[in-house]
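Comments concern the structure below.
There are 2 protein chains.
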Amino acid sequence: MSNEQQQGNNLDSWLDAYAARAETLSVSEVRALFSVVSRPEVVSLAGGMPYVSALPQELLAKAYHDMMAKKGNLAIQYGGGQGDLVLRDQIRELMSLEGIQSSVEDLVITTGSQHGLDLLSGLFLDKHDVVLAEGPSYVGALGIFRHYEADVEHVFTDHDGMSPEALEESIAKVKAEGRKIKFLYLVPNFANPSGVTLSAERRPRILEICKREHILIIEDNPYGLLYFNQPVPDALRAVEADGVVYLGSFSKILAPGFRVGYVLAPPAIRDKMVLAQESALLCPSSFTQMMISEYLANADWKGQIDTFRGVYHERKDAALAAMHEYLPDLHTTRPDGGFYLWITLPEGVDSKAMLPLAVKELVAYTPGTAFYGDGTGHNKLRLCYSYPTPENIKIGIKRLANVINLQTELLETFKGR
Amino acid sequence: MSNEQQQGNNLDSWLDAYAARAETLSVSEVRALFSVVSRPEVVSLAGGMPYVSALPQELLAKAYHDMMAKKGNLAIQYGGGQGDLVLRDQIRELMSLEGIQSSVEDLVITTGSQHGLDLLSGLFLDKHDVVLAEGPSYVGALGIFRHYEADVEHVFTDHDGMSPEALEESIAKVKAEGRKIKFLYLVPNFANPSGVTLSAERRPRILEICKREHILIIEDNPYGLLYFNQPVPDALRAVEADGVVYLGSFSKILAPGFRVGYVLAPPAIRDKMVLAQESALLCPSSFTQMMISEYLANADWKGQIDTFRGVYHERKDAALAAMHEYLPDLHTTRPDGGFYLWITLPEGVDSKAMLPLAVKELVAYTPGTAFYGDGTGHNKLRLCYSYPTPENIKIGIKRLANVINLQTELLETFKGR
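Protein sequences appear in the order of chains A and B. When you line the first sequence up against the working numbering, it's residues 1 to 417, in that order. When you line the second sequence up against the working numbering, it's residues 1001 to 1417, in that order.
Dropping the structure here:
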């Protein structure tokens, strides 16, 4: 076959050459929505985009000028594989807001916390290893675990977060099957997609179980500072240092376009993280790290987080009010922070099958199956209220109600026959 | 053991939990030099840092302001997993300078070309697969291949680049051993570390052999535009589209602190690259991509590349003059572009063992063993002339001569007995 024939189509001359892990890649349900989101007439309650318009550009302009004036040639040069030392020191203060004591030595800056989780997963996961996770769990994490050919075991999770009793049962079940658990992955605050927070009462129990069973905890906390009324309980990492790897991010409290996150890990794991990072991309961007460092040094970043909290609180209220008005019979979680509502549809309504109908009605959401590694979640869906205005959230949920009500009526009709 | 005891030391509670690939990580010979490089009294001819001071900051300031004025909220938001469409279109023009015709659809922006190579390696390399590479080859690539548990087979390379005859012999040898070749990795222009360029005469022969043997070529080209006198021959990708994945980078023609590179791949491979990238880090940084896009749109970027070419040409001349003056008996490559000289030491002198003595004399280089996956290269070393001033290059090579001459004298003395 000539090159001309090959170009421009998807015939693949290299099918016989891929590694086994290449088989794990598939177009995600969330990704398929990206093209929908970009159409202005659609109210997208799908993607988890922060409302970056609430960040004044003057704050960034000042950070840029300060950075270039003070250390312009360092900002555009290669940096160290562990990340900028000044920024690491500033992150210590950020983490202390959730009770975490740490040292700059144990922090690694990453290209978003997603890449931190990718590097960690590469360090720990062999094929068929088991990861314990909330049910439902973050779609991006499930994708990583799948890519490393690991299996996810979802642990029952309710309005107080992961159930300690269910965790013990899951561990016993996996061990009885002779499978190896590598870590417990959880998002303890305003979880994606459920919006629930692990209660203060359950935290020490989860820690105690994992310590007893010698299971590492990966605590992923991008939303913890975006609470509406009460600060969240202290981080798991605040209580236990050796058993917890903590992931943080600037994507939601500042802006995701910088791709800067961080990992706080026990020393031996941190050493391996740095080496894995150097192998994968030499070093994270000096430019974006130093921008954030100058922003933290000179801007009122705590006040900016308060601004974001206010924006998301208002939008959460708008979303719950619209749910109450248009879909009063559906169960929804009622988050105390973060970006998401998790909705339970009437029995028999399939959120994935319904999505094209919703898009036709100019509203988008994320189907529940995206958040399970085991094919469940058909009658669930995630609504993200962080990006649209309160008015558009109301319009979107009204449109969604039309679609759901039509589905429910159809089901009733068929049931009646 | 208590948490307090664990913190601050390197005892590892999780030794039993790591994946097999975690064993592949070790502190590289180049990395160990980073602490040395930072001491101002040491002339470092070690790391491959571009001389970013030759880039006027006004050009970046204009790019920043244009970007934020035109699309500030997009620049700090999540972007697509394939990278910014405008930048991809601009990269097409950049690649056309080396004869490459391409479409925006087949380009993927990555977090430096290092991460492009990491993602590609993840798509293709299973344990014990074979990668063919120049001998010597880029240390960062060898680290990636090792991390994916692949084996590297070095192909004999001389002053005209990789030998086609040796390539055929290596392929025959590996096939006879029943091992599977996944791709040929090469840096055809001003290679790291050797400085040599694959001749125009050999390029079609390498392409023909790989096509006949159905071996994918990964063409890594960070230095091609940094020629001193004559432009390099057309890229392999300019001739063959389906059999070549092309890696490019802004690290050497603009600045590495942005961490922006790109991959041009056949459609099926490109699709998998995008999915792998989304899994690994969701998307590359919109902020750094759009900075570069504005720079390319409004600055005289070709003139800036000419400036860099002039800087490196002058430094190469200074390095070769100093070699001629202080180490006239040693063989060195004489590059026509790029950053590196590759030096052959007298038989019996070990560059790795000699490094601490060199550092004591306040000069640093990279030992030759770093650039081989098979433990060879003991009497080789790489000198990087891109970062120090011509005066410091001369001082550094003079110091190096003292160290080498002392080693040679010692060897002669022992040989005489």
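All C-beta atoms, glycine included, are put in the ideal place defined by N, C-alpha and C.
Residue i vs residue j beta-carbon contact at 8 Å
| i | j | result |
| --- | --- | --- |
| Leu281(A) | His1115(B) | yes |
| Asp1066(B) | Asn1392(B) | no |
| Arg270(A) | Leu236(A) | no |
| Ser286(A) | Ile76(A) | yes |
| Asp84(A) | Met291(A) | no |
| Val1263(B) | Val1108(B) | yes |
| Ala1184(B) | Ile1217(B) | Sequence check: residue 1184(B) is Leu here, not Ala. Yes, the pair counts as a contact, with Cβ atoms nearer than the cut-off. |
| Tyr1223(B) | Lys1252(B) | yes |
| Ala1268(B) | Trp301(A) | no |
| Leu125(A) | Ala1276(B) | no |
| Phe1228(B) | Gly1337(B) | yes |
| Gly48(A) | Ser386(A) | yes |
| Thr1288(B) | Thr111(A) | no |
| Ile395(A) | Leu345(A) | no |
| Ala1193(B) | Thr1307(B) | Before going on, a small fix: residue 1193(B) reads as Pro here, not Ala. No. Outside cutoff. |
| Arg1315(B) | Trp1342(B) | no |
| Val1349(B) | Gln1304(B) | no |
| Leu142(A) | Val130(A) | no |
| Gln57(A) | Met1068(B) | yes |
Close-in-space but distant-in-sequence residues of the same chain around residue i (CB under 7 Å, 5 per side omitted)
| i | result |
| --- | --- |
| Gly72(A) | none |
| Gly1135(B) | His1154, Val1155, Phe1156, Thr1157 and Tyr1372 |
| Ser293(A) | Asp84, Val86, Leu87 and Gln90 |
| Asn1402(B) | Glu1361 |
| Gly1161(B) | Pro1188, Val1196, Thr1197, Leu1198, Ser1199 and Arg1202 |
| Cys1283(B) | Tyr1078, Gly1079, Gly1080 and Gly1081 |
| Arg92(A) | Ser102 and Val104 |
Per-residue contacts from residue i into chain B (C-beta, under 8 Å)
| i | result |
| --- | --- |
| Gln57(A) | Met1068 and Gly1072 |
| Thr307(A) | None at all; the shortest Cβ gap to chain B is about 15 Å. |
| Met49(A) | Gln1077 and Tyr1078 |
Under 7 Å by beta carbon: chain B residues contacting residue i
| i | result |
| --- | --- |
| Tyr64(A) | Tyr1064 |
| Asp12(A) | Ala1268 |
Other residues of its chain near residue i: CB distance less than 8 Å, five sequence neighbours each side excluded
| i | result |
| --- | --- |
| Arg1205(B) | Pro1164 |
| Ile171(A) | Leu132, Ile181, Ile209, Glu213 and Ile215 |
| Glu1004(B) | Residue placement at Glu1004(B) cannot be trusted, given a pLDDT of 40 that sits under 50; the coordinates are not used to answer. |
| Arg1179(B) | His1128, Asp1129, Val1130 and Asp1151 |
Same chain only: Cβ atoms within 6 Å of residue i, ignoring 5 sequence neighbours per side
| i | result |
| --- | --- |
| Lys1398(B) | Tyr1326 |
| Glu412(A) | none |
| Ser1121(B) | Ile1144 and Tyr1148 |
| Lys272(A) | Leu123 |
| Val1311(B) | Tyr1051 and Ala1054 |
| Pro388(A) | Val43 |
| Lys1211(B) | Gly1243 |
| Gly368(A) | Ser351, Gly377, Lys380 and Leu381 |
Neighbouring residues, chain A, relative to residue i (Cβ below 9 Å)
| i | result |
| --- | --- |
| Ala1061(B) | Tyr64, His65 and Met68 |
| Arg1205(B) | What Arg1205(B) touches in chain A: nothing, since even the nearest Cβ is about 18 Å away. |
| Asp1317(B) | Under the 9 Å cutoff, chain A gives no residues; its nearest Cβ is about 24 Å from Asp1317(B). |
Proximal chain A residues relative to residue i, where beta-carbon distance stays under 8 Å
| i | result |
| --- | --- |
| Gln1114(B) | Ala280, Leu281 and Leu282 |
| Val1027(B) | Leu275 |
| Gln1304(B) | Correct list: empty, because the minimum Cβ distance to chain A is about 13 Å. |
| Asp1336(B) | Within chain A, no residue comes near Asp1336(B); the closest Cβ sits about 24 Å away, beyond 8 Å. |
| Tyr1018(B) | Leu123, Phe124 and Lys272 |
Cβ-Cβ separation, residue j to residue i (assumed contact under 8 Å), whole Å
| i | j | result |
| --- | --- | --- |
| Arg309(A) | Leu226(A) | 6 Å |
| Asn379(A) | Glu347(A) | 6 Å |
| Leu1254(B) | Asp1220(B) | Wrong, their Cβ atoms sit about 17 Å apart, outside the cutoff. |
| Val239(A) | Ala265(A) | That pair is no contact at about 16 Å. |
| Glu1023(B) | Val1232(B) | In fact, because the Cβ distance is near 39 Å, the residues do not count as touching under 8 Å. |
| Ser1096(B) | Asp118(A) | The pair is not a contact, with the Cβ atoms about 34 Å apart (cut-off 8 Å). |
Contacts of residue i in chain A (Cβ-Cβ under 7 Å)
| i | result |
| --- | --- |
| Ser1053(B) | Asn73 |
| His1147(B) | Ser279 |
| Ala1022(B) | Leu123 and Lys272 |
| Ala1322(B) | Near Ala1322(B) there are no residues of chain A at all, since even the closest Cβ is about 25 Å away, more than 7 Å. |
Residue i CB to nearest heavy atom of the ligand GTP below 7 Å
| i | result |
| --- | --- |
| Lys175(A) | As presented, the structure is devoid of all ligands, the ligand GTP included, so that no description of it is given. |
Within chain B, partners of residue i - CB distance below 9 Å
| i | result |
| --- | --- |
| Asp118(A) | Ser1279, Ala1280 and Leu1281 |
Counting only Cβ-Cβ distances shorter than 8 Å, please list the residues of the region 1257-1287 of chain B near chain A, keeping chain order. Gly1257, Phe1258, Arg1259, Pro1266, Pro1267, Ala1268, Ile1269, Asp1271, Lys1272, Leu1275, Ala1276, Glu1278, Ser1279, Ala1280, Leu1281, Leu1282, Cys1283, Pro1284, Ser1285, Ser1286 and Phe1287
Contact list for the region 120-144 of chain A against chain B, Cβ threshold 7 Å: Gly122, Leu123, Phe124, Leu125, Asp126, Gly140, Gly143 and Ile144
Using a beta-carbon distance cut-off of less than 9 Å, what residues from the region 1097-1111 of chain B approach chain A? Ser1103, Glu1105, Asp1106, Thr1110 and Thr1111
What are the residues of the region 1182-1210 of chain B that lie near chain A, defined by any Cβ-Cβ distance shorter than 7 Å? Lys1182
Short-range partners of chain A found in the region 1216-1228 of chain B, where Cβ spacing is below 9 Å: Leu1216
Give me the subset of the region 1231-1247 of chain B whose CB atoms are less than 8 Å from a CB atom of chain A, sorted by chain position. Glu1240, Ala1241, Asp1242 and Gly1243
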